[in-house]
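Numbering-wise, the sequence shown is residues 308 to 613 according to the UniProt record's numbering. Here a beta-carbon is modelled for each residue, glycine too, at the ideal position from N, C-alpha and C. The next block holds one structure in the form of structure tokens; read it before the comments.
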Amino acid sequence: MIQLYIPLGFLGVLYREIKQSLADMERLFTLLDQNREVADGAHAQPLAARGAEVKFSNVEFSYESNRQILFGVDFTIPAGTTTAVVGHSGSGKSTLSRLLFRFYDVNSGRITIDGQDLRDITQASLRASIGIVPQDTVLFNDTIEYNIAYGKPGATKDEIIAAARAAYIHDFIETLPDGYATMVGERGLKLSGGEKQRVAIARTVLKDPAILIFDEATSALDSKSEQAIQAQLKEIAKNRTTLVIAHRLSTISDAQQILVLEHGRIVERGTHTQLLVADGAYAQMWARQQAKQEEAANSPEAGELD
Ligand code: ATP
Numbered sequence: 308m309i310q311l312y313i314p315l316g317f318l319g320v321l322y323r324e325i326k327q328s329l330a331d332m333e334r335l336f337t338l339l340d341q342n343r344e345v346a347d348g349a350h351a352q353p354l355a356a357r358g359a360e361v362k363f364s365n366v367e368f369s370y371e372s373n374r375q376i377l378f379g380v381d382f383t384i385p386a387g388t389t390t391a392v393v394g395h396s397g398s399g400k401s402t403l404s405r406l407l408f409r410f411y412d413v414n415s416g417r418i419t420i421d422g423q424d425l426r427d428i429t430q431a432s433l434r435a436s437i438g439i440v441p442q443d444t445v446l447f448n449d450t451i452e453y454n455i456a457y458g459k460p461g462a463t464k465d466e467i468i469a470a471a472r473a474a475y476i477h478d479f480i481e482t483l484p485d486g487y488a489t490m491v492g493e494r495g496l497k498l499s500g501g502e503k504q505r506v507a508i509a510r511t512v513l514k515d516p517a518i519l520i521f522d523e524a525t526s527a528l529d530s531k532s533e534q535a536i537q538a539q540l541k542e543i544a545k546n547r548t549t550l551v552i553a554h555r556l557s558t559i560s561d562a563q564q565i566l567v568l569e570h571g572r573i574v575e576r577g578t579h580t581q582l583l584v585a586d587g588a589y590a591q592m593w594a595r596q597q598a599k600q601e602e603a604a605n606s607p608e609a610g611e612l613d
């Protein structure tokens, strides 16, 4: 029981790091209940999510009092639709998802789901309604079955297999020496970035949340895996309210709404086509990424990616 001897200070650091990466937050919240920065109000009610419309109203936020990160952020994700956020590194994209998961409370303004302020909802019900596919999935040192089942405690084997199939990872698991009982994580079988993301997708399928947050990986997977994962995500995003933190514009061109964030402010919004016509910041980012892709396609190393 080595865990018993881990000093609380270390847990605090671990907590902050993992919170930052949005990974495995539900588990960590259970482990470190005492470290929560936000607490349920005395009158907090379970979230009664219907379609799960997400609304940020004039949100201002700072992690530290001397440095404001978000300024008057105002947008609605209509129930069952996808909104993607793009912007330079540090513009505040991931902060939006941390606030939606209520890792922190807003300084002013409010965030609501179907009209219910996050501060009036129990955190357990909020987090049960949100599924996250993080940039970098941290696997537990346990079986691959446990790692998928984590999405829904008490899930049956049939449900786990169905989720693995939906995430296109079942066939891969079957090729492993111990199948679903194969140990993964740091001390077990190392999975590739794409395989780990598929585990995260399987977890999310099992959890079946009304709201989905997809934090796109900054480092691209090889293009075949990337396309397959994008297709799966589109499938699971159907009819869910989805927030995509995007790094590659090509993956979000069919989102119902795209927000462009600059230094914590929304400077443009619209569909891909509308934003290209507007010929502003988004159009410039798009042109730059297209040029980069062409360059990569023409370079001899590009063929090695697949
Ligand atoms: P990237 O594309 O690089 O992931 P981002 O747009 O998602 O960036 P955020 O992670 O939302 O950016 O960060 C926005 C700003 O908030 C950054 O300047 C960052 O340094 C700051 N920040 C993020 N987390 C914290 C924290 N825990 N404490 C203090 N400042 C923070």
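Apart from the five residues just before and just after Gly348, which ones in its own chain have a Cβ nearer than 7 Å to its Cβ? As a first step, residue 348 is located in the sequence shown; it is residue number 41 there, counting from the start. For Gly348, the CB contacts under 7 Å within the same chain, skipping 5 residues up- and downstream, are Arg426 and Asp427 in chain order.
Decide if Ala609 is buried, meaning its Cβ has at least 16 other Cβ atoms within 10 Å, or exposed. Start at 1 with the first residue of the sequence shown, and residue 609 comes out as number 302. Residue confidence is low: Ala609 scores 46 on pLDDT, short of 50, so the model does not pin down where it sits. Its coordinate-derived value is still stated next. Classification for Ala609: exposed.
Could you name the residues, in chain order, whose CB is less than 5 Å away from a heavy atom belonging to ligand 1? Residues flagged by the Cβ proximity filter: Tyr370, Ile376, Ser396, Gly397, Ser398, Gly399, Lys400, Ser401 and Thr402.
Cα-Cα separation between Glu367 and Gln430, rounded to whole angstroms: Taking the first residue of the sequence shown as position 1, residue 367 is located at position 60. Taking the first residue of the sequence shown as position 1, residue 430 is located at position 123. For Glu367 and Gln430, the distance between alpha carbons rounds to 21 Å.
Proximal residues to Gln537 (C-beta, below 6 Å), its chain only, five neighbours per side dropped: Locating residue 537 in the sequence shown gives position 230, counting from the first residue. Once the five neighbours on either side are set aside, the close Cβ partners of Gln537 are Thr558.
Identify whether Gln442 lies in helix, strand or coil by the three-state DSSP scheme. Walking along the sequence shown from the start, residue 442 turns up at place 135. It is coil, neither helix nor strand.
Per DSSP, what kind of secondary structure is Leu377 in: helix, strand or coil? Position 70 of the sequence shown, counted from the first residue, corresponds to residue 377. Of the three classes helix, strand and coil, the one that applies to Leu377 here is strand, per DSSP.
Neighbourhood of Gln352 by C-beta, 6 Å cutoff - its chain only, sequence neighbours within 5 removed: Counted from its first residue, the sequence shown places residue 352 at position 45. Residues of the same chain with a CB within less than 6 Å of the CB of Gln352, apart from the 5 flanking positions on each side, do not exist.
Note down, in chain order, each residue of its chain lying with its Cβ closer than 8 Å to the Cβ of Ser364, except the 5 sequence neighbours on either side. Along the sequence shown, read from residue 1 onward, the residue named residue 364 stands at position 57. Closer than 8 Å at the Cβ level, and outside the excluded window around Ser364, lie Asp381, Gly416, Arg417, Ile418 and Thr419.
Terminal residues of the continuous beta strand (DSSP E) containing Glu575? Position 268 of the sequence shown, counted from the start, is the residue given in the question as residue 575. Here the beta strand (DSSP E) through Glu575 covers Arg572 to Gly577.
So Ala507 and Val551 are in contact, right, with Cβ under 8 Å, and what is the actual spacing, rounded? Numbered from its first residue, the sequence shown carries residue 507 at position 200. Numbered from its first residue, the sequence shown carries residue 551 at position 244. Their Cβ separation, rounded to whole angstroms, is 14 Å, which puts Ala507 and Val551 out of contact at 8 Å.
Confirm, please, whether the CB-CB distance from Glu601 to Ala588 is below 7 Å. Locating residue 588 in the sequence shown gives position 281, where the first residue counts as 1. Locating residue 601 in the sequence shown gives position 294, where the first residue counts as 1. Taking 7 Å as the Cβ cut-off, Ala588 and Glu601 do not qualify as a contacting pair.
As assigned by DSSP and simplified to three states, the class of Gly416: Along the sequence shown, one-based indexing puts residue 416 at 109. In the structure shown, Gly416 falls within a strand segment according to DSSP collapsed to helix, strand and coil.
Taking its Cβ as the centre, do 16 or more other Cβ atoms sit within 10 Å of Thr337, making it buried, or is it exposed? As a first step, residue 337 is located in the sequence shown; it is residue number 30 there, counting from the start. Bear in mind that the predicted position of Thr337 carries a pLDDT of just 48, short of 50, making it unreliable; the figure below should be weighed with that in mind. Thr337 comes out exposed.
Based on the DSSP secondary-structure assignment, which residues constitute the bridge partners of Gly394? Stepping through the sequence shown from its first residue, residue 394 is reached at position 87. Under DSSP, Gly394 forms a beta bridge with Leu568.
Sheet register partners of Gln352 (DSSP bridge): The residue labelled residue 352 in the question sits at position 45 within the sequence shown. DSSP output for Gln352 lists Ile428 as bridge partner(s).
Terminal residues of the continuous alpha helix (DSSP H) containing Glu502? Translated into positions along the sequence shown, residue 502 becomes position 195. First-last of the alpha helix (DSSP H) with Glu502: Gly500 to Lys514.
Opposing strand residues paired with Glu371 [DSSP bridges]: Taking the sequence shown and counting its residues from 1, one reaches residue 371 at position 64. The partner list for Glu371 (beta bridge, DSSP) reads Arg374.
Three or more C-beta pairs below 8 Å linking the region 391-402 and the region 538-545: In short, these stretches do not touch, since the Cβ pair count stays below three.
Evaluate contact between the region 480-488 and the region 405-412, counting only Cβ atoms and requiring at least three cross-stretch pairs below 8 Å. Contact fails: fewer than three Cβ-Cβ distances are below 8 Å.
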